[in-house]
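Heads up: the protein sequence lines correspond to chains A and B, in order.
Okay, so the first sequence: first residue is 509 according to the numbering used here, each after it adds one.
Okay, so the second sequence: first residue is 760 according to the numbering used here, each after it adds one.
By construction, the Cβ of each residue, glycine as well, lies at the ideal position given by its N, Cα and C atoms.
Have a look at the structure below before the remarks.
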Amino acid sequence: MNWENIIPSVAAPSEVRVAEPAMDSDQFAAFYDRSSRPLWAYLARSSGDPALAEDLMQESFIRFLTSNAPTDGEVASRRYLFRIGSNLLRDHWRRARTVSIDDLPPERSAAPDTAGQCDSRLMLSPALARMRPRDRQLLWLAHAENYSHKEIAEITGLASASIRMILFRARREMSRLLTQANA
Amino acid sequence: MKFTCNHLDEVRQALHNGHWPAASSPELRAHVAACARCTQEVLLTTAFQQARSDGIAASQPAPASIVWWRAKARRREEALRKATRPVLAAQIFALLVVLATVGLMAARHWSTVVDRALTAPSSISAALGLWGVAPIVIATVLLSTLGAVALYLTTDRS
Numbered sequence: 509m510n511w512e513n514i515i516p517s518v519a520a521p522s523e524v525r526v527a528e529p530a531m532d533s534d535q536f537a538a539f540y541d542r543s544s545r546p547l548w549a550y551l552a553r554s555s556g557d558p559a560l561a562e563d564l565m566q567e568s569f570i571r572f573l574t575s576n577a578p579t580d581g582e583v584a585s586r587r588y589l590f591r592i593g594s595n596l597l598r599d600h601w602r603r604a605r606t607v608s609i610d611d612l613p614p615e616r617s618a619a620p621d622t623a624g625q626c627d628s629r630l631m632l633s634p635a636l637a638r639m640r641p642r643d644r645q646l647l648w649l650a651h652a653e654n655y656s657h658k659e660i661a662e663i664t665g666l667a668s669a670s671i672r673m674i675l676f677r678a679r680r681e682m683s684r685l686l687t688q689a690n691a
Numbered sequence: 760m761k762f763t764c765n766h767l768d769e770v771r772q773a774l775h776n777g778h779w780p781a782a783s784s785p786e787l788r789a790h791v792a793a794c795a796r797c798t799q800e801v802l803l804t805t806a807f808q809q810a811r812s813d814g815i816a817a818s819q820p821a822p823a824s825i826v827w828w829r830a831k832a833r834r835r836e837e838a839l840r841k842a843t844r845p846v847l848a849a850q851i852f853a854l855l856v857v858l859a860t861v862g863l864m865a866a867r868h869w870s871t872v873v874d875r876a877l878t879a880p881s882s883i884s885a886a887l888g889l890w891g892v893a894p895i896v897i898a899t900v901l902l903s904t905l906g907a908v909a910l911y912l913t914t915d916r917s
């Protein structure tokens, strides 16, 4: 009697059934080509660390491929990808310090010298570096990615009403910093 | 400053489509110049869009094939882990049964050994009496070691 007949759910390593992702390799290559750079920009700006953004970006795509990603179009897939990236970023901040990321001082999670490599000619980098991590995230999703409050809620896991209030304060602070920098 | 503005959606649409400011109507431009909320929206969105363009230009993502391959390897690892879970459970159960059996046997023989030691006329006889439990002790040590090795090999994923 074969042991595999005794325990039917156990298969030999060569016979293990591996779940197929929602996309084939060509579809994924096209999706990756369109989404990887915006995701990296979001993660790099929110974290202030381009190297970390690269790691988190790759991990986001791997998790996207190994999870039950939505199959109803690229917009939903991209939103799901940003959600994975946001969760990874939040986990990274939580590992770094066991306090809420709302209480993190801006300098804790920002590296202005490296973030500034992207566009030092602009005033945005120093202003962003002075914002709280969550404010940076929400501002980026709202103004760079043009997501609605509902979509941002889906990506970050925050309530829509909270996002409205946080964004209101963050916009006011950011425009004050930008205006100061321009003056 | 107002929380929102009636023209905000129009301004956002123009910014998102790249119509601001050249392709926007003079009325909308005049409104933005007079409205603090819309001015703020234009200031922030243009700055963030510029930063996004710079970020996209600066990024150098790894080839898609590498990410695809890594995801495939992880899916396989996960599938293998799920498939071997019943084996691990069976091994743990078998180990517990063996340990319980050995424990019971040791307890049963232990009383005999203690009795012999107490009734023995000399310490030499008591020491000889201990040889009776030697196979049990050896079997226990051997089974525990083998069980630990089996557990380690099953759970080690590296």
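Rounded to the nearest whole angstrom, the C-alpha separation of Ala909(B) and Thr899(B) is 15 Å. For Gly556(A), the three-state secondary structure derived from DSSP is coil.
Contact annotation: Leu902(B) and Val857(B) have beta-carbon atoms nearer than 8 Å. Interface residue (Cβ-Cβ distance to chain B less than 8 Å): Tyr655(A) is not classified as such. Residue state for Tyr655(A) is assigned as coil, using DSSP reduced to three classes. Cβ neighbours of Ala689(A) within its own chain (closer than 8 Å, five residues either side excluded): Met631, Pro634 and Ala635. Taking 8 Å as the cut-off, the Cβ atoms of Pro546(A) and Trp601(A) do not count as close. Pairing Arg835(B) with Ile825(B), the inter-Cα distance amounts to about 15 Å. The Cβ of Asp563(A) sits no closer than 8 Å to any Cβ of chain B. Counting of Cβ neighbours within 10 angstroms places Glu653(A) among the buried residues, the total reaching 16 or more. Excluding sequence positions up to five before and after Glu769(B), its CB lies within less than 8 Å of the CB of Leu787, all in the same chain and listed in chain order.
Under the Cβ criterion (8 Å, minimum of three pairs), the region 813-831 of chain B counts as touching the region 546-556 of chain A. The count of Cβ pairs closer than 8 Å, one atom from the region 656-663 of chain A and one from the region 764-779 of chain B, stays below three, leaving the stretches out of contact.
For the pair Tyr540(A) and Phe569(A), the CB atoms are nearer than the 8 Å cut-off. Flagged as an interface residue toward chain A: Thr804(B), by a C-beta distance shorter than 8 Å. Separation of the CB atoms of Arg638(A) and Leu573(A) is rounded to 36 Å, and the pair is thereby denied contact status at 8 Å. Any Cβ of chain B closer than 8 Å to the Cβ of Ala577(A) would place that residue at the interface, and such an atom is absent. Cβ proximity to chain A below 7 Å picks out Gln799, Leu802, Leu803, Thr804, Ala806, Phe807, Gln808, Gln809, Ala810, Arg811, Asp813, Gly814 and Ile815 from the region 789-816 of chain B.
In chain order, Met639 and Asp643 place their CB closer than 8 Å to the CB of Glu681(A), counting only its own chain and leaving out the 5 sequence neighbours on each side. Excluding its 5 nearest sequence neighbours in each direction, Leu596(A) has C-beta neighbours in its own chain below 7 Å: Leu564, Glu567 and Ser568, listed in chain order. Contact of Ile570(A) with chain B by beta-carbon distance below 8 Å involves Val826, Arg829, Ala830 and Arg833. The DSSP-derived three-state label of Thr579(A) is coil. About 7 Å separates the Cβ atoms of Arg771(B) and Glu800(B), confirming a contact at the 8 Å cut-off. Contacts with chain B at 8 Å (Cβ-Cβ) do not include Ala669(A). In the structure shown, Ala816(B) adopts helical secondary structure according to DSSP, grouped into three states. Secondary structure of Glu836(B) (DSSP, three-state): helix. Taken atom to atom, the span from the alpha-carbon of Ser543(A) to that of Phe852(B) is near 48 Å. The Cβ atoms of Leu647(A) and Ile671(A) do not sit closer than 8 Å to each other. Residues of the region 763-777 of chain B with a C-beta atom less than 9 Å from some C-beta of chain A are Arg771, Leu774 and His775, listed in chain order.
Thr804(B) and Leu774(B) do touch by the CB rule: their CB atoms are close to 5 Å apart, below 8 Å. Within chain B, no C-beta atom comes less than 7 Å from the C-beta of Leu596(A); the nearest is roughly 14 Å away.
Chain-order list of chain B residues neighbouring Leu646(A): empty, with the shortest C-beta distance near 11 Å, by a criterion of under 7 Å. In this structure, Ala823(B) lies away from Ala669(A), with their beta-carbon atoms at least 8 Å apart.
The shortest CA-to-CA distance from Ala893(B) to any of Gly906(B), Tyr911(B) and Met864(B) is the one to Met864(B).
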